[in-house]
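Just below is one structure, and these are the notes that go with it.
In full-length UniProt numbering, the protein residues as written are 1 to 246.
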């Protein structure tokens, strides 16, 4: 079993801290509030009706697009969206542990402001016959450190990155966190994608730099099974989906 290295001891605590109100950025972990989902898109989180109402002007466009997406999705794709959410939560310790290495953040902690750790996944529905949970039907087939400029919605992505780093500075720095980066998970051949924020402490400087961790990360995400690294260019990946997630 893969175990986290220094600086990644409490992933559940960090993950809960990053689940926050879209308006005031309070979290259930650090602020003791209870968050609820927007009834329309089922993704945006708020700590109160006042915060939801205050953010409606900014959120309504995204909310409407997400509702259209959900309505147009087949039942299989709808399940895939929620399965990817569970996949991200389950694998966040691995995304953190290997993501910082793939990004080589120990040599430059500011790289998370310019680049995104992109994970390419393949959905394998045949695994359903083996009694596996929905989130276990994803196979990681590629990892790439992708500059923001390569995304079609780079301006929206940049705003998400800036907001995340602002949150680290204002809310997480007093807990010892010094930086962060985004992991973007994309399911090949579909419109399904998800952003996963990761923050780190100064223990990152203990890591060796200059190594290629791509295959190691793929193996870890696939429960130790090595898979062929498929060039991302072979897939028709809909990066425009990012506009619904930022």
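C-beta atoms are modelled at their ideal positions from N, C-alpha and C, and glycine is treated no differently.
Going by beta carbon distance, what residues of the same chain come within less than 6 Å of residue i, once the five residues before and after it are set aside?
i, result
"residue 207", "106"
"residue 122", "139, 141, 188"
"residue 217", "98, 102, 143"
"residue 209", "104, 106, 107"
"residue 61", "none"
Just reading off the beta strand (DSSP E) that residue i is part of, what are its end residues?
i, result
"residue 173", "Premise fails: residue 173 is in no beta strand (DSSP E) and is neither H nor E."
"residue 142", "138-147"
By the DSSP assignment, the alpha helix (DSSP H) with residue i in it spans what residues?
i, result
"residue 218", "214-221"
Taking Cβ positions, are residue i and residue j nearer each other than 9 Å?
i, j, result
"residue 155", "residue 83", "no"
"residue 146", "residue 118", "yes"
"residue 63", "residue 32", "no"
"residue 183", "residue 77", "no"
"residue 115", "residue 148", "yes"
"residue 221", "residue 94", "yes"
"residue 198", "residue 109", "no"
"residue 43", "residue 49", "no"
"residue 21", "residue 196", "no"
"residue 181", "residue 86", "no"
Leaving out five residues on either side along the sequence, give the residues of the same chain with a beta carbon under 8 Å from the beta carbon of residue i.
i, result
"residue 201", "7, 176, 177, 178"
"residue 19", "27, 28, 29, 35, 45"
"residue 158", "148"
"residue 1", "Confidence at residue 1 is low in this model, with a pLDDT of 29, below 50, so the placement of that residue should be treated as unreliable; the coordinate-derived value is given next. Closer than 8 Å at the Cβ level, and outside the excluded window around residue 1, lies no residue."
"residue 213", "98, 101, 102"
Mind checking who residue i pairs with in its DSSP beta bridge?
i, result
"residue 186", "120, 193"
"residue 20", "27"
"residue 79", "Bridge partners of residue 79: none, in fact."
"residue 162", "Residue 162 is not bridged to any residue."
"residue 46", "36"
"residue 249", "Nothing can be reported for residue 249: it is not among the residues displayed for the chain, which extend from 1 to 246."
"residue 104", "DSSP output for residue 104 lists no bridge partner at all."
I'd like the list of long-range same chain contacts for residue i, defined as Cβ closer than 7 Å, with 5 residues on each side in sequence excluded.
i, result
"residue 124", "137, 139"
"residue 23", "46, 51, 54, 55"
"residue 90", "135"
"residue 185", "84, 88, 119, 121, 193, 194, 196"
"residue 113", "161, 165"
"residue 25", "167, 171"
"residue 235", "Because residue 235 sits at a pLDDT of 30, beneath the cut-off of 50, its placement in the model cannot be relied upon, and the following sentence gives the value as read from the coordinates. If we look at residue 235 and ignore the five residues flanking it on each side, its Cβ neighbours are 120, 188, 189."
Cβ pair count under 8 Å reaching 3, the region 160-169 against the region 87-104: no
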